[in-house]
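Working notes for the structure below.
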Amino acid sequence: MSEYVPDILANYGDDLFDGFLITLQLVFLSVVAGAVLGAVICAGRMSKNRIVMGLAWLYIGLFRGTPLLAQLFLIYYGAGQFSGFWRDVGLWGILRDPFNCALISFTLNTAAYQAEVFRGAVQAIPKGQWEGAAALGLSKRLAFLRVIVPQAALYALRPFGNEIILMIKASAVASVVTVYDLLGETRLAFSDTFRFDVYFYAAALYLVLVETLRRIWNVLEAYLTRHLKSRDETPAGAAKNKPADRGQAAGEGLSPASPPISGRPV
Amino acid sequence: MKVVIAAALTALIALPAAAQDKMQLRIGTEGAYPPFNFFDSDNNLQGFDIDIANALCAEMNAECTFVAQDWDGIIPALRANKFDAIIASMSITEERDKVVDFTNKYYNTPPALAVPKDSDLADASPEALSGIILGAQSATTHANYAEAKFPDTELRRYGTPEEYKLDLESGRIDAAIDDVVVLSEWIESEDGACCKILTTLTPDPVINGAGAGIAIREGETELRDKFNAAIEAIRANGVYDEIRQKYFDFDVYGG
Amino acid sequence: MDGNLFSLLSFGPDGWGDELFAGLQITLALALATAPIGLVGGFLLALARRSDNVFARVPATAFTTVFKGLPELITLFIVYYGFSMALAWFLGLFTDAHVEVSAFLAGMIALGAVSASFASEVFMAALSGVPRGQYEAAHALGLSRWATLRKIIIPQLIRIALPGLGNLWLVLLKDTALVSVIALPDLLRRTFIAVGSTKEPFFFFLVAILIYFAISLVSMGIFALLERRYEKAYIR
């Protein structure tokens, strides 16, 4: 078989795979940490306190309205500029490493998007659900945890999946600050060999990753929303507030979360 | 909108000027490697490479225009016909020679290591450097040198020298490897006050090659011969030395 | 932050204000030059993807899948290096002419392909938002296909697609920053150059971020106005 393996893959295949694993780590860790931070920011955004609400709005606007690459530069080089300070407080060991800087900036960025995903999902739940829970004598807290969250989670599922896909793609900018993720290793292989086809292998890996995730998500979604199917072909048609994702319908054939515009499955 | 598109289109497509008597040459350079090639504050290309290129063009009676191109894409750009020759302190190495052709060298200086002033690195032996983080510009002989000679050192590769300088200053990396002239120039300037030269390194002929040459597309022997003749001519008539004295008080041509 | 930092932003030989402003112009020029590609390309892709013709539908679907799935940065590298190599080879077959694929053009092509792919999603959704009956009614009124499209369908399409397209414009604006990696002297690249010579990364990158934020806010305001205008007919 081995003679069918292109020589560039024979020489650089292991490196590309290592980079692929770094990409996976970056995306997984930042999406998980971003979900926690995003939930907090979402709570702030929906808070009745105007100051808290305003700060959350500003956070979301700043991180969603500006390029991730600029945010990464701010954190990477900004941290470096004050390295003396970070040394004094004992955090330089963390901030010195480019991987951690990328992880921090990706987490802060995805948290802003996820906060809006969560908010859209919670607001998509009809008011009657709150009233119904109150009529049953449930406390607000209990109503939120037991009635609202389980339903909102279904609305959030699709835009959340889209957000992961967008993070996979966005994570490629880490290579610009010497993180050897998939694109970083690819650029290295290219600059060593001047063999352009290495970009195609990397592109194929990214596509496989994104498509796999998209398909898993479709199956997951079909499974989790199976109880909604018999009643209404388009459960999401009812959603008044579209969960705000990055404005990009990264996966088609949406079911529970409303498709961006028409309120009907595409 | 129309203006934008028109401006965009003219910026994009440069068709060759009608054939003229003078040979038209497009020279690719990096513009981020002082003192060899860099942009001054008025956004003009300056440096030893640029002056040498101009002298060679004058010698060959060619009309030259410069194209700035990031280092890690400079060879692909030459091969994609974005320009006809690279004059950008490119070392003549075996690896590169497989994909482009080189003229004879026009200078040859050794690599060196720069470290923060308070660094406790004593020397540049592989043992002393083991476990530290070393920065280099990617796709350079210096990066290859570090990879081959310092196997236990973590190597970080940067797109431009500017980036490793920022990281050396902040202490994100412990040392940087580059051409001794480039590092000295930086360290002697205000910007490089953080750091010092630890030592120059003994070049490895296989890795570092035979000095810096001019890269052209494979098979263009006529152009190569012209460049070689021009290099020889400016070496002989004193033009080379004049330019050299403008930048350096020592011999950069090498033995 | 002290006053000295802000003097770094002045226009003139000592300040970086004029450099950043020149970069901002390139950022905006790239986004404005790319948007029509995304718009027209996206519409055509949507028509092709809805088409009954396999030879239109399959390539269009493949195109969108690829450019939606690839990181924009890798698309950019492939266009910048690969496309220009392919073009040089192709032209070399016929002529000595050389075509230069500049960073600006590479950015236009790469980001144009990406935004067209995402815009096709928006248009697909919008097209299915216009009921079939409208086509039939227009046909019954004796309108030609082109007149139907122009007078009946597109005005409604714009209304439905506008929020989605507004989002895509914001995404495009941010994606232009990636082209700085292949040396386009846009806002982010010039900021980097300023950082290199002033050693004030935190200040300058923060300024760049605030400039991007300001453009985003202005864009959002413009789109809100447009949306209100197209909604007018529907407000009772």
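Residue numbers (numbering that gives the first Met the number 0), protein chains in the order written: chain A, 0 to 265; chain B, 0 to 254; chain C, 0 to 235.
Quick reminder that beta carbons are idealized off the backbone N, C-alpha and C, glycines included.
Values in this document were obtained by computation on a predicted structure and should not be read as measured data.
What three-state label does DSSP hand M166 (chain A) in the structure shown?
-> In the structure shown, M166 (chain A) falls within a helical segment according to DSSP collapsed to helix, strand and coil.
Which residues mark the beginning and the end of the beta strand (DSSP E) in which K195 (chain B) is found?
-> DSSP places K195 (chain B) inside the beta strand (DSSP E), whose first and last residues are C194 to T199.
State the beta-bridge partners of Q136 (chain B) as determined by DSSP.
-> Beta-bridge partners assigned by DSSP to Q136 (chain B): B:Y157.
Contact under 8 Å by Cβ, A135 (chain B) with I196 (chain B) | I196 (chain B) sits away from A135 (chain B), with the two beta carbons spaced by 8 Å or more.
Ordered along the chain, which non-local residues of its own chain (more than five positions away) have a Cβ less than 7 Å from that of L291 (chain C)?
-> Here chain C comprises residues numbered 0 to 235, so residue 291 (chain C) is not present and cannot be evaluated.
Inter-residue spacing [alpha-carbon to alpha-carbon] between T28 (chain B) and K81 (chain B) = If you take the alpha carbons of T28 (chain B) and K81 (chain B), they lie about 11 Å apart.
Pull up the distance between the alpha-carbon of A34 (chain C) and that of E184 (chain A), whole angstroms please.
-> Going by the C-alpha atoms only, they are around 32 Å apart.
For V175 (chain A), decide whether its Cβ has a neighbour in chain C, counting only Cβ atoms nearer than 8 Å.
-> At least one C-beta of chain C is nearer than 8 Å to the C-beta of V175 (chain A).
Per-residue DSSP class, three states only, for K239 (chain A) | Residue confidence is low: K239 (chain A) scores 42 on pLDDT, short of 50, so the model does not pin down where it sits. Its coordinate-derived value is still stated next. Coil at K239 (chain A), not helix or strand.
According to the neighbour-count rule (16 or more other Cβ atoms, all chains shown, within 10 Å of its Cβ), is N108 (chain A) buried or exposed?
-> Buried is the call here.
Nearest to S90 (chain B) (by Cα), restricted to the options B:N53, B:F65 and B:H141 = Among B:N53, B:F65 and B:H141, the Cα nearest to that of S90 (chain B) belongs to B:H141.
When Cβ atoms are compared, which residues of the stretch 66 to 84 of chain C fall closer than 9 Å to chain A?
-> So the list reads K67, G68, L69, P70, E71, L72, I73, T74, F76, I77, Y80, G81 and M84, given in the order they occur along the chain.
A214 (chain B) - containing beta strand (DSSP E), residue span | For A214 (chain B), the enclosing beta strand (DSSP E) starts and ends at A211 to R216.
Contact list for the stretch 84 to 114 of chain A against chain B, Cβ threshold 7 Å = The stretch 84 to 114 of chain A vs chain B, Cβ under 7 Å: R95.
What residue range is occupied by the uninterrupted beta strand (DSSP E) comprising Q23 (chain B)?
-> M22 to T28 is the span of the beta strand (DSSP E), which, as asked, contains Q23 (chain B).
If the cut is a Cβ gap below 9 Å, which residues of chain B does G22 (chain C) touch?
-> Correct list: empty, because the minimum Cβ distance to chain B is about 12 Å.
With a 10 Å radius around its C-beta and 16 neighbouring C-beta atoms as the bar for buried, classify D224 (chain B) as buried or exposed.
-> Counting other Cβ atoms within 10 Å of its Cβ, D224 (chain B) stays below 16 and is therefore classed as exposed.
Counting only beta-carbon atoms, is T192 (chain A) nearer than 8 Å to chain C?
-> Answer no: the Cβ-Cβ gap between T192 (chain A) and chain C never drops below 8 Å.
Anticipated Cβ contact below 8 Å, S127 (chain C) with T63 (chain C), distance rounded = Between S127 (chain C) and T63 (chain C) a beta carbon distance of about 16 Å is seen, past the 8 Å cut, so the two are scored as non-contacting.
Check the Cβ-Cβ distances between S196 (chain C) and every residue of chain A, and say whether any is below 8 Å.
-> Judged by the 8 Å Cβ criterion, S196 (chain C) is not in contact with chain A.
Got a sec: is the Cβ-Cβ distance from I325 (chain B) to anything in chain A below 8 Å?
-> Residue 325 (chain B) lies beyond the stretch modelled for chain B, which goes from 0 to 254, so this question has no answer here.
Range of the contiguous beta strand (DSSP E) that encloses V110 (chain B) = Note on identity: in this sequence residue 110 (chain B) is Pro, with Val being the wrong assignment. Looking at the DSSP string, the run of the beta strand (DSSP E) that includes P110 (chain B) is P110 to P115.
Supposed close pair G106 (chain C), T60 (chain C) - CB separation, criterion 8 Å = Actually they do not touch by this definition, with Cβ atoms about 25 Å apart.
Range of the contiguous beta strand (DSSP E) that encloses M270 (chain B) | Residue 270 (chain B) is absent from the model: chain B starts at 0 and stops at 254.
Identify every run of the alpha helix (DSSP H) within the stretch 55 to 117 of chain A, keeping only runs that are complete inside it and at least 4 residues long; order them along the chain.
-> The stretch 55 to 117 of chain A contains these whole alpha helix (DSSP H) runs: 67 to 80, 82 to 87 and 91 to 94.
Closest residue to F193 (chain A) among B:A87, B:N60 and B:D96 (Cα-Cα distance) = Out of B:A87, B:N60 and B:D96, the CA that lies nearest to the CA of F193 (chain A) is found in B:D96.
Partners in chain C for A69 (chain A), counting only beta-carbon separations shorter than 8 Å | For A69 (chain A), the neighbours in chain C by C-beta distance under 8 Å run, in chain order, A176, L187, T190, F204, A207, I208 and Y211.
Proximity to Y144 (chain B) [Cα-Cα], best of B:Y239, B:A123, B:C193 and B:N227 = Among B:Y239, B:A123, B:C193 and B:N227, the Cα nearest to that of Y144 (chain B) is on B:A123.
Mind pulling the chain C residues with CB within less than 8 Å of Q80 (chain A)?
-> Within chain C, the residues near Q80 (chain A) are K198, E199, P200 and F201.
Just how far apart, CA to CA, sit L86 (chain C) and V78 (chain C)?
-> Rounded to the nearest angstrom, the two C-alpha atoms are 10 Å apart.
Decide if K67 (chain C) is buried, meaning its Cβ has at least 16 other Cβ atoms within 10 Å, or exposed.
-> By the 10 Å Cβ count, K67 (chain C) comes out buried.
How is E62 (chain B) classed by DSSP in three states: helix, strand or coil?
-> Residue state, collapsed to three classes: strand.
So what does DSSP say about T26 (chain C), is it helix, strand or coil?
-> It is helical.
CB I93 (chain A) to CB I124 (chain A), shorter than 8 Å?
-> No.
Where does Q45 (chain B) fall in DSSP's three states?
-> Three-state DSSP puts Q45 (chain B) in a strand.
Per-residue burial, T106 (chain A) [other beta carbons within 10 Å of its own, 16 or more giving buried] = Looking at its Cβ environment, which holds 16 or more other Cβ atoms inside 10 Å, T106 (chain A) is buried.
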